[in-house]
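Residue numbers (my numbering): -8 to 276.
The beta carbon of each residue, even a glycine, is placed where N, CA and C say it ideally should be.
Read through the structure below, which is laid out as structure tokens, and then see the notes.
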């Protein structure tokens, strides 16, 4: 049987983490997959994995065509090579829980876009928090970010029904822009409330490094501009209002975060942001 889903993994200076990501795919309860590892640093990841004892015919290796072109360009190089009906993205320092593909693929039989709750962990795998955990549910487009309020590439999609590419011109928030492109072709998605994706919070993420807040504000402001200009042409006419409302709260959280972080060193942005988002949420379904 040919593979039914492709996992696209961009890799930049990922020698120390790539084996963990690949092992999480090898450990899936569903085995009918292909994994495309896209080198964006000139490294030979096939040889790197072989040194860790990882050799599998389902692994394929590509190049972004440059060095340091960025995650968006590397992801796009992988997406351009996909030939399977279904697609997922897995960053080189993140991991899938063992049931992620099986659960997502079952939902994809009905829904074109499937998201899952995530577990934030530190680089040593220690639990930090969950995002989006709860009941499985159908999400309207405008409600999506009020549930999945952190990270937007933890989705799986049917590229025959919806598809998109990442925008390398955005300074940040490329994942959200990508998600919004997918929603041009669907008015809803299905959310799995069990945390099936480990998002590894690297030290830069934990400390909110210099200039990060400014880049995030610039990116979110640009996406709001695109929304106002009708750039996304959503299948659901109410979607733009939902995304804009989310972004307005998110921008306010960004502006407040440096002071909150100074008062509480090590504060996760998600822990700072969620109370603001909940206070602003309405009865989206």
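- By the criterion of at least three beta-carbon pairs nearer than 8 Å, the stretch 105 to 115 is not in contact with the stretch 40 to 54.
- Sorting 161, 237 and 177 by C-alpha distance to the C-alpha of residue 267 places 237 at the top.
- Secondary structure note for residue 230: it is in no beta strand (DSSP E), and the uninterrupted alpha helix (DSSP H) holding it is 230 to 254.
- The beta carbon of residue -5 sits closer than 8 Å to the beta carbons of 23, 24, 75, 76, 77 and 96 from its chain, once the five residues preceding and following it are set aside; these are given in chain order.
- Membership of residue 268 in the alpha helix (DSSP H) is indicated by the continuous run 260 to 271.
- Straight across, the Cα-Cα distance linking residue 221 with residue 215 is about 10 Å.
- For the stretch 26 to 58, the continuous alpha helix (DSSP H) assignments of 4+ residues that do not extend past its boundaries occur at 36 to 42, in sequence order.
- At a cut-off of 3 residues, the continuous stretches assigned as beta strand (DSSP E) that sit fully inside the stretch 59 to 113 are 77 to 80 and 104 to 112.
- At a cut-off of 4 residues, the continuous stretches assigned as alpha helix (DSSP H) that sit fully inside the stretch 151 to 175 are 165 to 173.
- Judged by their CB atoms, residue 28 and residue 10 are not nearer to each other than the 9 Å cut-off.
- Ranked by how close their Cα comes to the Cα of residue 94, the residues 105, 212, 154 and 208 have 105 in first place.
- Per DSSP, residue 5 is not a residue of any beta strand (DSSP E), being assigned neither H nor E.
- Bounds of the beta strand (DSSP E) holding residue 179 are 179 to 191.
- The Cβ atoms of residue 85 and residue 62 do not sit closer than 9 Å to each other.
- Bridge partners of residue 121 according to DSSP: 110.
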